[in-house]
Structures are given as C-alpha cells and as structure tokens.
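This note's numbering numbers the first residue of the sequence shown as 1 and each following residue consecutively.
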Amino acid sequence: MKKNIRKILIIITIFITSVIALMVVLPLMFPEAVSDQMKTISKETIKSEINFKDADLSFFKHFPNLTFTIYDYAFKGSKPFENDTLIGGKELSFGINLASVFSETIEINKLFFHQSIFNILTDKEGKTNYDIFSGGDEIATGTETATETHMSIEGFTITESRLNYADASLPVVFSINNLEYFGKGKLDNNLFKLESGIYAEGVDFTYDGTGYLKNKQLKAMMVTEINLDPLEITFTNNELLINKLPINFVGSTKFPDSGIDLDFSVVSGETDFGNFFTIMPPEYDTWFKNMHFDGTSKLTIGLKGLYTNSLAPDLTLKLRVNNGNIQHNLAPNPIENLQVNAGIDIENLNFDSLELKIDTLSFKLGGETSNVQFRSKGIDTPYLTANINTKMDLGLLTKALGFSTTTMTGNLNLMANLDGTFDSVRAIIPKIESRVYLTNGSIQTSLYPQPIEHIEINARIDCKTGKMNDLRFEILPFSFLFEQQAFSIQTKLEDFDDLRYDITAKGTLNLRNIYQVFAIENYTITGLLLADLDLHGRQSDAEKGDFKKLNNTGTLGLSDVELHSADYPFPFIIPKATIRIENDKAWLKNSQLNYRDNTFNLDGYMQNFIGYSLLNNELKGNLLIKCPRLNVEDFMLVTDSVNVDTISTTGVIQLPDNLYLTLDADFKTIDYMQTRIDNFTGQVKLQKSKLSILNTRFTIAGAAISTHASYLPVSSKRALFDFGVKADSFDIKRAYNEIPLFREMATAAADAEGLISIDYVLNGKLNEKMEAIYPSISGKGFVKLENIQVKGYKLFSAVGKAVGRDSINNPNLKAVTIRSSIANNIITIEKTKMKVFGFRPQISGQTSLDGKLNLHIRLGLPPLGIIGIPMSVTGTADKPIVKIRKEREGDKLEGTEDEEETVDKPL
Numbered sequence: 001m002k003k004n005i006r007k008i009l010i011i012i013t014i015f016i017t018s019v020i021a022l023m024v025v026l027p028l029m030f031p032e033a034v035s036d037q038m039k040t041i042s043k044e045t046i047k048s049e050i051n052f053k054d055a056d057l058s059f060f061k062h063f064p065n066l067t068f069t070i071y072d073y074a075f076k077g078s079k080p081f082e083n084d085t086l087i088g089g090k091e092l093s094f095g096i097n098l099a100s101v102f103s104e105t106i107e108i109n110k111l112f113f114h115q116s117i118f119n120i121l122t123d124k125e126g127k128t129n130y131d132i133f134s135g136g137d138e139i140a141t142g143t144e145t146a147t148e149t150h151m152s153i154e155g156f157t158i159t160e161s162r163l164n165y166a167d168a169s170l171p172v173v174f175s176i177n178n179l180e181y182f183g184k185g186k187l188d189n190n191l192f193k194l195e196s197g198i199y200a201e202g203v204d205f206t207y208d209g210t211g212y213l214k215n216k217q218l219k220a221m222m223v224t225e226i227n228l229d230p231l232e233i234t235f236t237n238n239e240l241l242i243n244k245l246p247i248n249f250v251g252s253t254k255f256p257d258s259g260i261d262l263d264f265s266v267v268s269g270e271t272d273f274g275n276f277f278t279i280m281p282p283e284y285d286t287w288f289k290n291m292h293f294d295g296t297s298k299l300t301i302g303l304k305g306l307y308t309n310s311l312a313p314d315l316t317l318k319l320r321v322n323n324g325n326i327q328h329n330l331a332p333n334p335i336e337n338l339q340v341n342a343g344i345d346i347e348n349l350n351f352d353s354l355e356l357k358i359d360t361l362s363f364k365l366g367g368e369t370s371n372v373q374f375r376s377k378g379i380d381t382p383y384l385t386a387n388i389n390t391k392m393d394l395g396l397l398t399k400a401l402g403f404s405t406t407t408m409t410g411n412l413n414l415m416a417n418l419d420g421t422f423d424s425v426r427a428i429i430p431k432i433e434s435r436v437y438l439t440n441g442s443i444q445t446s447l448y449p450q451p452i453e454h455i456e457i458n459a460r461i462d463c464k465t466g467k468m469n470d471l472r473f474e475i476l477p478f479s480f481l482f483e484q485q486a487f488s489i490q491t492k493l494e495d496f497d498d499l500r501y502d503i504t505a506k507g508t509l510n511l512r513n514i515y516q517v518f519a520i521e522n523y524t525i526t527g528l529l530l531a532d533l534d535l536h537g538r539q540s541d542a543e544k545g546d547f548k549k550l551n552n553t554g555t556l557g558l559s560d561v562e563l564h565s566a567d568y569p570f571p572f573i574i575p576k577a578t579i580r581i582e583n584d585k586a587w588l589k590n591s592q593l594n595y596r597d598n599t600f601n602l603d604g605y606m607q608n609f610i611g612y613s614l615l616n617n618e619l620k621g622n623l624l625i626k627c628p629r630l631n632v633e634d635f636m637l638v639t640d641s642v643n644v645d646t647i648s649t650t651g652v653i654q655l656p657d658n659l660y661l662t663l664d665a666d667f668k669t670i671d672y673m674q675t676r677i678d679n680f681t682g683q684v685k686l687q688k689s690k691l692s693i694l695n696t697r698f699t700i701a702g703a704a705i706s707t708h709a710s711y712l713p714v715s716s717k718r719a720l721f722d723f724g725v726k727a728d729s730f731d732i733k734r735a736y737n738e739i740p741l742f743r744e745m746a747t748a749a750a751d752a753e754g755l756i757s758i759d760y761v762l763n764g765k766l767n768e769k770m771e772a773i774y775p776s777i778s779g780k781g782f783v784k785l786e787n788i789q790v791k792g793y794k795l796f797s798a799v800g801k802a803v804g805r806d807s808i809n810n811p812n813l814k815a816v817t818i819r820s821s822i823a824n825n826i827i828t829i830e831k832t833k834m835k836v837f838g839f840r841p842q843i844s845g846q847t848s849l850d851g852k853l854n855l856h857i858r859l860g861l862p863p864l865g866i867i868g869i870p871m872s873v874t875g876t877a878d879k880p881i882v883k884i885r886k887e888r889e890g891d892k893l894e895g896t897e898d899e900e901e902t903v904d905k906p907l
C-alpha cells in the first residue's frame, strides 16, 4: 500500500514538474512567432499609433493563461485627438489560446489591464477619440492566409486603474479611480457581448461645471453588448450600487451618420429614503452622520432621443418619497410623514420647455401640517399653478434639518394660490391670492455673530384677474431689529398700470453687517443707510404734473458707503449724501461720489423716482456734476480677473435705457486713451442709452475747442459715435504729440510746426477696446494751415527731387485750406492750391488711414504758375513714389468697407 502511494506521489511530482517545465519552455519556443502574430493583429485591428517599451510571453503573469504582455504602453486616440493617449499604463497582457500557438492562427481570447488609464474624450462637435478599430472587413476570422490572426475576447480584466470620460458637447466629466473590473464575453465579427463586475472607491461626476458626485463608492454587475461596426452600445441589465443607493440602468447608445441616438432609463427602485443622501458630496458627510432618515423612495431618470447640432433628447425625472422622516440627532421634533410625488420634463433638452411638477409635497412638523402643490411650464413666459398651505415653527425646521450655518426662529404661516401665465412683456401675471405671516422671527448665519431679530411680516399679494391693474401688494408691516437699530417699512401698492402707492419707511441699516449676514455674491458694501420716508400718491399724477395730489416727503441718507462690484476693479465710494423727497422730485444737495481717483460733486434733482424704483419706468432729472479729474478708462468693463495695475478692457461703456437726464458738466481734466482734455464745460444729455454732448468747450493740446458729440452702445462690444469739432489756431506739433487719434489720422503732421485751424465732423463705430473701427469712420471738413513750417516731409522731398528743386523740401505754408472727406478707410482731398518758394502746386487725390497715397499734383512753375508739370504720387507716406505723368485709373486706392451688420440702434 505504501509502495502504491509512493508511486502515485512520484507520478504526480513528475507530472507537475513536467507541466511547469513545459510552461517555462513553451514561451521560449515560440517568442518570435507569437510576437510577429501580435504585430499582425495590432496592424489589422488598430489604426492608431501604439508604443511600448518591452514585451514578454509567459504562463505565470496571469496563471494559468499564456499571455503576451507589453509594458509602459500607450495607444493614441483617433482624430482630432491623435496626439493624446486613449489608453496607456504599466501593463497590458493579451491572453492567448494555447492550442492556437501550434496552428497557423493565433487566437487572443483575454485582455488584462494593470495600472492603466483610460481617457474617453468627445469634443464640442461630437468627435471622439476612440474610433481606432479598422473595421470588420479587416479583421480576419477564417483561415485565409498563413499569417492570419483571430481575436475572440472571452475575458476582460482591469486592476488598479483609472477611467476618465469627458464629453464637451454635453458637457459632462466622469471619472473612476481605483477601478477593479472583471468581465467575460466574446468579441467576434465586431460584436462584443460582455458580462462584467465593477468595484471602484472614487467616482466623480460633473455636469456643466457643477459637481454632483465626489469620491463615491461604486459596485456594479453589468450586461453589455457592443457592436463595433456600426458602433452601438446596449446596456441590457446593469445593477449598480453607488455608496448605498441601488440603481438599475438599461438603455442603448447608437451612433448614426449624424449625432448620437440615446435611449436610457435609470431607476433606483424602492429603497430606503436615507440611501439618497449617501451620494452627496464629501462636505456633507458630517451632516449625514448626525441625521436619521426613515421611509422609502424611488427615483426614475429617462433620456431618449437624437443628439445632434440642432436636436437633443428628452429628459424626464421622477421622484417619490413615502412615509419619510428626517431628524437631526439633537432635534426635538422630526419632519415626519413626508410624502413627495414630483417630476421634471425637459423636451429636446431645451430649458425654455422645462416643466416642473410637484403634485404632492406634504409633511408634519411639531404637530403642524404643510402641503404644497406646484406646476411650472416654460422659462421665459411660464405657466404657473400652485396651492400652498404651510404652518410651521422655523426653529424646529432648522433643527430637524441640522442646519449648521444658518439658524432661524419664528412662526410662519403661508397660504398661496396661483394660476396663469407670467409674461412681463405683455404685462400678464397669474391670478394670485397669497398671505404671509411671520411673528417673533430671527435669522443668524455663521458669517456674522449677531442675528437679525424681532422680524415681523404681515404681507399679502392679490390679483383676481391676472391683469396688472388688478394687482395689489401690501406689507403691513415688515420690521426687524439689527445691532440694536430698528427698521420698519409699510407698503401698499395697487393698480400697477397706474400705480397707487402708500409707503412709509423708518430706520437705520448698517450695510456692511447686513451684507455679511447674507453674503450677496459679486458685491460687497459698507456704510450706513438712514431712511425716513412718507410717500403717498398715484403715478399718473406725477406724470401729468398734478403735484398737489402727491404727498411725498422724507429723507434717505447715505454715510461712508463703499460698494465693490465684480463688474468694476475699484469701489464706488459715497462719503455722505442726503436725498430729500418733495412730491415728485428727489433732491440731491452737496453730495460726493468717488471712484478710484475720480471725484464727482453732485447737485440737482430726480423726477419720477417712484415709478423708476418700483416699475423701472423712466427716470428724469437735472444734475450739476463737477469733477476735478475724470479717467474714462477706469469705467470700462473688465475681465474676470482684474489686476489694478494693468486693466484689460473687454467691452464698450454701457448706458441705461430708461434715464432721461440733463447734466451740466464742469470737469477740470479728462483723461481718455492717452489724451488729456482740460476745462471741459458743457451740457450732457442721456436719453435711452444715448449720450449727447452739446455746447461744449474744452482745451486739448493747448487749443481751445468747441465741439458736439454723441455716443450710443449697441452691444457689449460695439458703440456708435459722432464727433464735430472746431478749433482755431492750435499748435499742430503739440496736437500730434498729445492726441493719438489725430496722430494716427494725420500722419503728415509728424514733422510739421506751426498753427492750424480745424472744422471737421466724423462718425463711426468703436470696438470692445473703445477704439475707432477705421472702415466705419466717415466725415468731412477742412484743415486750414495758417502758418505751418513743414520739415522733412517725405512727400515734398520726393517732389523736389523729381523736379530738381531742393527748395520745395521744407516749405512754409500760409493761408492754405485743405478740404477733405473720409469714407471706407480713405481720405479724399479736394483740389488745394498753395505757394512754395515761387512754385504754385495744386494737390488733390487720396490717402488711406494706413498711410497709402494716390495724390495728383500740378506743379505750377514761376512766376505765375501758368505752365505746370503733372505728377502722380503713389506708395506710402513713408516711401512716396513721385512720377512726372498724369494720374491713371490704376492709381486709385480701393476702400475697405465696414462689413459688420447694421446695428439696431441708429444715432
């Protein structure tokens, strides 16, 4: 017996040793054959670039599979991502059917990815990086040639890897860290059937820049079918567990010639209500640990339809909660018996068609019941229906929900019924009946140590017909105490077609502290607001000037106010200002506004301030503004990241369209684009976004100027302007040095000295940098050379050289009037006569704003100029070409037309 056992052990030992020896020897016997076949299969099946550092053939890498492994590998993506890595990592092993090693066809049946990264990308046009397969006709599946290869994947393993998915067309970013994936299936004739399991520790999901999942755990069992030609992915049955939330995911993705055809359904199934909160971002983990949830819930998400440049699928979401309870560990009362039946439908992923349906939202808190029914369809002109009845203790609510940054108290009683369309353009609103009562209220946030307390609200909104003349709004009152300073307001507004108002407000607000409590985004403000208002009247009486029927009195004061806005790089500062109300006017006396180094002193009044404040109607007014120095560039729109040393402008200056103001201005100095203007006085009118400058006088480059101008922004990056100027006897050299626009348009003045006079009118467009768009400029006028000494002007030098007279090079010109017009980037000069050292030249022709010349000269010879020499001048102002001949058709300069579309706000 012992001998038999010994023989058996010897046989087993010999067998195992032989098998091990064979496993070691076989890879050594066929390395080149296997390597050649692997190169063949990669060329026949993959059309992207493949790189790796090393390779080997072994049984022991993924025992008992014979595998061909490549190390430090990278597969490049398809166009337009051919320079980016699609798949790369430490190891990729190809499992090989052992029997196929001895045949003419080597069969790959398994893939093993270890410490790899998968990057699945789609650009904004829908182009992907994973179209790397050559196609079914190029993958051999029979025994056609001696070098034939065959790929039939039956197993698929990923360990310690990462998946990145980014689709810029949606836009979606999805990533999985620490990915462990085990799949089995078969890839044959471009059809890949896969059964798989997934485990991952870190799952992130972001849509349109907003993170919805962060570092979540994922477990999944999935059945997937992938057709590679044409590409189609079918998710037959996929059971996922994201943290503790179970999800079943089925659907398909097809890729027709245009777009992507989607049909997905995601269902959470009936699950514990608390499981929904396990997928919240990590910053809520502490909150979740202190919360208790009961009840069941179900979430359903559907996405179905074609996604192209013009089409998008339909999205549906449904949520149900039954018998839900929510309670923080330290809360005395739970939110109980929570019932929810709600949904969202977005047709064609067009949010203008968004339909929100809350058929049921009810719960109990502290013995009181709240019920909400609400529906909204559309965004721009939504149709709204609502039935809301709630009565609750806000203190119990914040404790039950475990709010850590905000604490509220007070008894809230809210009733609201809505039915109808809201359309601000057609002045249509839903039928409304609502009441809001809050007693003994307070609110405190973690951003400020003191609460807003003693909040009392008694408000109502009613409109039985859905018309603005039937709308009634009352607050009787709204009051609170903050930092021992009381504030109260009572308001009664009726008939918004002809507003009848009764408003009283009294109290002091510390704006800095209020801002800290609520932290309004993109703004910070400090200072005090002091209100003592008593306003009673009707809007039509103010508009008709029937001021006896108005009873508006009171003051509104500002003290040490400083406003920081994301739209401007520097704060607006009001050291002190008092607005005094008298019937239809709000008077402003001895007030100051500072912005950076700009200081404005304001005196005047505003009219129709009630209609402007409550209805956004037109505001009329008269102001006297004095400013010692104004820097226009300080007020230009700026980029998101502002450097106070180098401000980059990105838009024209915008003006409101509901202001009708007349400003009498007295600015000592104005700086604009390296140009300085002194002693600016005149009248400025602002009407419907158009700024007009009338009867204006100022000094620029030492010259006294009278001018008129207008400015009208027509978009965020374009504005229209016109400009008329008269100037007598100003220094041309100083103007050239100090006025950039003059320097760019009058290049011939570079070396001139003396006095000139101008009478010119221009109009055109400004770009987003507040610079003139030259092809858009048109105008006409004259320049009078009163006593100009021209030095080194290349045009005269070239003419003198052509006729052999150096005396023409540096002429002194007196009483020469040059009339011209501008259009399409071309200045057309009318025939101009002058005297130069006995010669009598006549000049006409064209010059472009970029310096090109097409001038015609008749050089009258002494003594009377009866005999003349015709000359043409072409080339540029820097390199004029003078020829003794008459003008030719080919010399004509072609203008550059302004190709931008006609703006919709004419001057």
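Ideal placement from N, C-alpha and C gives every residue a C-beta, glycine not left out.
- Annotation: the continuous beta strand (DSSP E) that includes PHE264 extends over 260 to 267.
- In the DSSP assignment, ALA459 is bridged to VAL436, ILE475.
- When C-alpha distances from ASP263 are compared across THR316, ALA798, GLN444, the shortest belongs to THR316.
- Shown here, ASP751 sits in coil according to DSSP, grouped into three states, outside any helix or strand.
- Counting along the chain, VAL517 sits inside the alpha helix (DSSP H) bounded by residues 511 to 518.
- The beta carbon of LEU861 is closer than 6 angstroms to those of ILE867 in its chain, skipping five residues each way along the sequence.
- When DSSP states are grouped into helix, strand and coil, ALA427 belongs to the coil group.
- Secondary structure at PRO256: coil, using DSSP grouped into helix, strand and coil.
- The residue among ASN243, ASP204, VAL836 with its C-alpha nearest the C-alpha of GLN217 is ASN243.
- The continuous beta strand (DSSP E) containing ASP664 extends over residues 659 to 672.
- Per DSSP, reduced to three states, the secondary structure at LEU861 is coil, with no helix or strand assignment.
- For LEU593, the closest C-alpha among the options PHE572, LYS585, GLN607 is that of PHE572.
- In terms of Cβ geometry, GLY183 and GLU195 form a close pair [threshold 8 angstroms].
- Excluding five sequence positions before and after LEU661, the CB atoms of its chain that fall closer than 6 angstroms to its own CB belong to GLY621, LEU686, given in chain order.
- Sixteen is the threshold: since fewer than 16 other Cβ atoms of the shown chains lie within 10 Å of the Cβ of GLY367, the residue is exposed.
- In this model, TYR595 and THR681 are separated by some 21 angstroms (Cα to Cα).
- In this structure, the alpha-carbon of GLY779 lies about 14 angstroms from that of LEU720.
- By the Cβ rule, the region 699 to 711 counts as touching the region 721 to 729, because three or more pairs are nearer than 8 angstroms.
- From the listed residues THR817, ASP891, LEU864, the smallest Cα separation to THR847 is found for ASP891.
- Looking at the DSSP output, ARG500 sits in a beta bridge with GLU494, ARG538.
- Rounded to the nearest angstrom, the gap between the Cα atoms of LEU630 and ASN767 is 21 angstroms.
- Rounded to the nearest whole angstrom, the CA to CA distance from ILE260 to ASN248 is 22 angstroms.
- Distance from the CA of THR210 to the CA of LEU338, rounded to the nearest whole angstrom, comes to 28 angstroms.
- Between the C-alpha atoms of LEU121 and ALA166 there is a straight-line separation of about 5 angstroms.
- For ASP285, the uninterrupted alpha helix (DSSP H) segment begins and ends at 285 to 289.
- SER404 counts as exposed, since fewer than 16 other C-beta atoms from the protein chains shown sit within 10 angstroms of its C-beta.
- In the DSSP assignment, ILE866 falls outside any alpha helix (DSSP H), carrying neither H nor E.
- Taking ASP208 as the centre and dropping the five residues before and after it, the same chain places the C-beta of PRO171 closer than 7 angstroms to its C-beta, in chain order.
- Within a 10 Å sphere around the beta-carbon of GLN674 sit fewer than 16 other beta-carbons, which makes this residue exposed.
- Between the alpha carbons of LYS127 and GLY274 lies a distance of about 40 angstroms.
- Counting C-beta pairs with one atom in each stretch, the region 310 to 324 and the region 343 to 358 have three or more that are closer than 8 angstroms, which means they touch.
- Exposure of GLU894 is indicated by the presence of fewer than 16 other C-beta atoms within 10 angstroms of its C-beta.
- ALA400 places its beta carbon less than 8 angstroms from that of ASN333.
- Measuring C-alpha to C-alpha distances from GLY185 to each of ASP359, LEU111, ALA577, ILE826 identifies LEU111 as the nearest.
- Contact check for THR407 against THR398 passes: the beta carbons are separated by less than 8 angstroms.
- Here PRO246 is bridged, per DSSP, to LEU241.
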